[in-house]
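Going by this note's numbering, the letters in the sequence shown line up with residues 43 to 318, in that order.
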Amino acid sequence: MSHRLPADFHMHTHHSGDCDTPMEMVIKQALEKKLPAICITEHMDMDYIICETDPAGKFEVNTDEYQDELFLYKEKYKGIIDIYFGIELGLQPQIVKINADYINKYPFDFVIGSNHLVHKKDPYYSSFYEGRTEHEAFMEFFESTLENIQLFDDFDVLGHLDYLVRYAPNLNRDYRYKDYSDIIDEILKTLISKGKGLDVNTKALYSEPSLGDLNPSKDILARFRELGGEIITFGSDAHKAENVALGFDTAVEMAKACGFKHYALFSNRKAKFVKL
Ligand SMILES: [Zn+2]
Ligand SMILES: [Zn+2]
C-alpha cells in the first residue's frame, strides 16, 4: 500500500512536560492524514536546569505510565496504523551513563538524541544569546552537540540539529551553513561513522513566523547526503494534534532535492527504509 506522506517519527502527547494533548487525538489525526505509521517520542531530559518556568523534573516522563498507555493504543489500532514506542532523550555530557541505563531499561523502538541544553544553559531563552554575537552562541551550541554525540551512542537520530534558530534573536535571517561548515561537517561525519541519522524536523516550517526551512536546514541535509548519510526520519515535533505531519509535503520535496530516495522507520531500534 502506498501512502502519500511519510511516517511521523517525532511527536509529543500529555506525557511530555510541555504538552497537554491526549494520545488518542494524535493517533486519530495520523489516521486522518493517512500516515503509514507514527512514533511517539515524549521528552526525557534528565538533570535539566531548574528555572521559574521549568520546575524540577518538568521534562522527565513517567515512562511506565507512558509505555502502558502507548501499548494499549498499539493493540487497539493493530492492523489500522503502526504505533511505535519512542523517546526524545536530552543529551548532556554528565549524564551519559544515566541516559544509557535508562534506554536499556525500556523496549523503545526509536530514540531521538536531542541537544536541548548547552553547558547547562537553555537556548530557548534569550539569556543564552545575551552579551555575545549570535555566531558565538551558535558555535557553542554546535560544539556541545558534537561533544554529546561523541560521548553517547545509544540513540538513532540526532534531533532537530540547528533548532536554536527558532529562538535566536534574529531567527535564521543571518544563519548560513557555510559560516559553521567545519563544526557541522564534524557533527555529520560523527553521525555517519556511528551509523546514526537525522531527524528532519518540520516545526520551523509551520511555526509562526515560518522560518521557511527545516531543522536541519536543507543545506545541511544536502551535505549529510553528500558525505554518505543515509538515515533520515521525518518529524513534525507536534505538541498539538493538528500539527501532526504538518509541513511533510515540503519536507519530502526538500529531501528528494537533497538526493534522498528513502526515509527510515524504526522498529525495535532497527531502521527499515521506505521509498520516498
Ligand atoms: Zn526537542
Ligand atoms: Zn520534540
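Just so it is clear, CB atoms sit at the ideal spot from N, CA and C, and this is done for glycine as well.
* Under 8 Å by Cβ, that's how I've got Ile-63 and Ala-246 pegged, so tell me the actual separation to the nearest angstrom. => On the sequence shown, position 21 is the one that residue 63 refers to. On the sequence shown, position 204 is the one that residue 246 refers to. Contrary to the premise, residue 63 reads as Thr rather than Ile in this sequence. Thr-63 to Ala-246, Cβ: 20 Å. No contact.
* **Closest residue to Ala-79 among Asp-50, Ala-313, Tyr-148 and Leu-112 (Cα-Cα distance)** => Residue numbering aside, residue 79 sits at position 37 when the sequence shown is read from its first letter. Nearest of Asp-50, Ala-313, Tyr-148 and Leu-112 to Ala-79, Cα basis: Asp-50.
* Asked: Between Leu-133 and Ile-191, what straight-line distance do the alpha-carbon atoms span, to the nearest angstrom?
  -> On the sequence shown, residue 133 is found 91 positions in, with the first residue counted as 1. On the sequence shown, residue 191 is found 149 positions in, with the first residue counted as 1. Their backbone Cα atoms lie some 8 Å apart in a straight line.
* With 16 other Cβ atoms within 10 Å as the buried cut-off, status of Ile-262 -> Locating residue 262 in the sequence shown gives position 220, where the first residue counts as 1. Flag for Ile-262 reads buried.
* **Proximity of Phe-101 and Asn-141 at Cβ, strictly below 8 Å** => The residue given as residue 101 occupies position 59 in the sequence shown. The residue given as residue 141 occupies position 99 in the sequence shown. Result no, Cβ atoms of Phe-101 and Asn-141 do not sit closer than 8 Å.
* Less than 7 Å between the CB of His-52 and some heavy atom of ligand 2, yes or no? -> In the sequence shown, counting from the first residue as 1, residue 52 sits at position 10. At least one heavy atom of ligand 2 is nearer than 7 Å to the Cβ of His-52, so yes.
* **Three-way DSSP call (helix, strand, coil) for Glu-102 in this model** => Counted from its first residue, the sequence shown places residue 102 at position 60. If DSSP states are grouped into helix, strand and coil, Glu-102 belongs with the strands.
* **First and last residue of the uninterrupted beta strand (DSSP E) at Val-242** => Numbered from its first residue, the sequence shown carries residue 242 at position 200. 239-243 is the span of the beta strand (DSSP E), which, as asked, contains Val-242.
* Ala-79 (DSSP reduced to helix, strand or coil) -> Looking up residue 79 in the sequence shown gives position 37. DSSP places Ala-79 in strand when its eight states are reduced to three.
* Any heavy atom of ligand 2 within a distance shorter than 7 Å of the CB on Thr-83? -> In the sequence shown, residue 83 corresponds to position 41, counting from 1. Thr-83: yes, Cβ under 7 Å from ligand 2.
* Asked: In or out: Cys-93 buried (at least 16 other Cβ within 10 Å) or exposed?
  -> Position 51 of the sequence shown, counted from the first residue, corresponds to residue 93. With fewer than 16 other Cβ atoms within 10 Å, it is exposed.
* **Start-to-end residues for the alpha helix (DSSP H) that takes in His-177** => Here the question's residue 177 lines up with position 135 in the sequence shown. Unbroken alpha helix (DSSP H) run through His-177: 176-193.
* **Residues that Leu-200 bridges to, as DSSP identifies them** => Locating residue 200 in the sequence shown gives position 158, counting from the first residue. Beta-bridge pairing links Leu-200 to Gly-155 and Leu-240.
* Thr-95 - DSSP class collapsed to helix/strand/coil -> To locate residue 95, count along the sequence shown from 1; it is residue 53. In this structure, Thr-95 counts as coil in the three-state DSSP scheme.
* Asked: Just the Cα atoms here: how many angstroms apart are Thr-83 and His-54?
  -> Within the sequence shown, residue 83 is the residue found at index 41, counting from 1. Within the sequence shown, residue 54 is the residue found at index 12, counting from 1. The straight-line gap from Cα to Cα measures roughly 6 Å.
* To the nearest angstrom, report how far apart Ala-299 and Phe-290 are at their CA atoms. => Counted from its first residue, the sequence shown places residue 299 at position 257. Counted from its first residue, the sequence shown places residue 290 at position 248. Computed Cα separation, rounded: 14 Å.
* From what residue to what residue does the beta strand (DSSP E) around Thr-275 run? -> Working through the sequence shown from its first residue, we reach residue 275 at position 233. Run containing Thr-275: 274-277, per the beta strand (DSSP E) assignment.
* List the endpoints of the continuous beta strand (DSSP E) containing Ser-309. => Along the sequence shown, one-based indexing puts residue 309 at 267. Looking at the DSSP string, the run of the beta strand (DSSP E) that includes Ser-309 is 304-309.
* Touching or not, the stretch 251-266 and the stretch 206-221, by the rule of three or more beta carbon pairs under 8 Å? -> yes
* Sorted by chain position, which residues of the same chain lie with C-beta nearer than 8 Å to Leu-112's C-beta, five sequence neighbours on each side aside? -> The residue labelled residue 112 in the question sits at position 70 within the sequence shown. The answer, listed in chain order, is Met-65, Ile-82, Ile-125 and Phe-127.
* To do: Measure the alpha-carbon distance for Glu-182 versus Thr-95 and round it to whole angstroms.
  => Against the sequence shown, residue 182 aligns to sequence position 140. Against the sequence shown, residue 95 aligns to sequence position 53. If you take the alpha carbons of Glu-182 and Thr-95, they lie about 24 Å apart.
* Helix, strand or coil for Lys-314 per DSSP? -> Here residue 314 is taken as the residue at index 272 of the sequence shown, counted from 1. Looking at Lys-314 - three-state DSSP - the assignment turns out to be strand.
* To do: Rounded to whole angstroms, what's the CA-CA distance from Met-88 to Pro-97? Just pull it up for me.
  => Within the sequence shown, the letter at position 46 stands for residue 88. Within the sequence shown, the letter at position 55 stands for residue 97. Cα-Cα distance, rounded: 12 Å.
* Asked: Are Glu-130 and Met-86 touching if we call contact CB-CB under 8 Å?
  -> Stepping through the sequence shown from its first residue, residue 130 is reached at position 88. Stepping through the sequence shown from its first residue, residue 86 is reached at position 44. Against a cut-off of 8 Å, the Cβ pair of Met-86 and Glu-130 comes out as a contact.
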